[in-house]
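Counting with the working numbering, you get residues 77 to 192 for the letters of the sequence shown.
Ideal Cβ placement from N, Cα and C applies to all residues, glycine included.
Taking it in order: structure first as structure tokens, then the write-up.
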Amino acid sequence: QVQLVESGGGLAQPGGSLRLSCAASRSISSINSMRWYRQVPGKARELVAAITSVGTIIYRDSVKGRFTISTDNAKNTVYLQMNSLKPEDTAVYYCNAVMGADGTYWGQGTQVTVSS
């Protein structure tokens with residue numbers, strides 16, 4: 077099992093930046109995949125970015141070149157650096173850990189609002 081706690085959300089202006097953090101309760105170096113999802117009311121949760129234990133990284137097309145996912149294994153933390161924010165990035169952002177047969181775990185979410 078793993079507990080995930082997100083932080084770093086808030087209000088940003090269009091074109092601004094935020095950095096989300098996801099602190100895990102155990103080592104993340106052996107977790108199959110750490111992911112960031114987002115969800116707006118009335119819509120399905122969507123994958124924003126993912127990083128695997130071997131370093132493979134993927135992004136959804138709409139955030140490529142603006143968002144960066146990274147890890148600090150010493151701190152058991154995953155980050156999502158979000159630059160050039162747009163109003164359509166407004167959502168609740170969730171951290172997710174995929175642990176294969178040990179299951180999938182979610183954080184509680186952190187609100188990101190992009191507005192002038």
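Every unbroken beta strand (DSSP E) within the segment 104-180, with a cutoff of 3 residues, ordered by chain: 109-115, 122-128, 133-135, 143-148, 153-158 and 167-174
Thinking R95 and Y155 are a contact (beta carbons under 8 angstroms), I'd like their distance in whole angstroms, please. Numbered from 1 along the sequence shown, position 19 holds the residue referred to as residue 95. Numbered from 1 along the sequence shown, position 79 holds the residue referred to as residue 155. Confirmed, about 6 angstroms.
Assuming V139 and V124 make a contact with CB atoms under 8 angstroms, what is their CB distance in whole Å? Against the sequence shown, residue 139 aligns to sequence position 63. Against the sequence shown, residue 124 aligns to sequence position 48. V139 to V124, Cβ: 6 angstroms. Contact.
Nearest residue (CA-CA) to T189, options V78, S93, G86 and A100: Taking the first residue of the sequence shown as 1, we reach residue 189 at position 113. Here the closest residue by C-alpha is G86.
Check whether the Cβ atoms of L161 and R136 lie closer than 9 angstroms to each other. As a first step, residue 161 must be located in the sequence shown, where it is residue number 85. As a first step, residue 136 must be located in the sequence shown, where it is residue number 60. Not a contact, by the Cβ cut-off of 9 angstroms.
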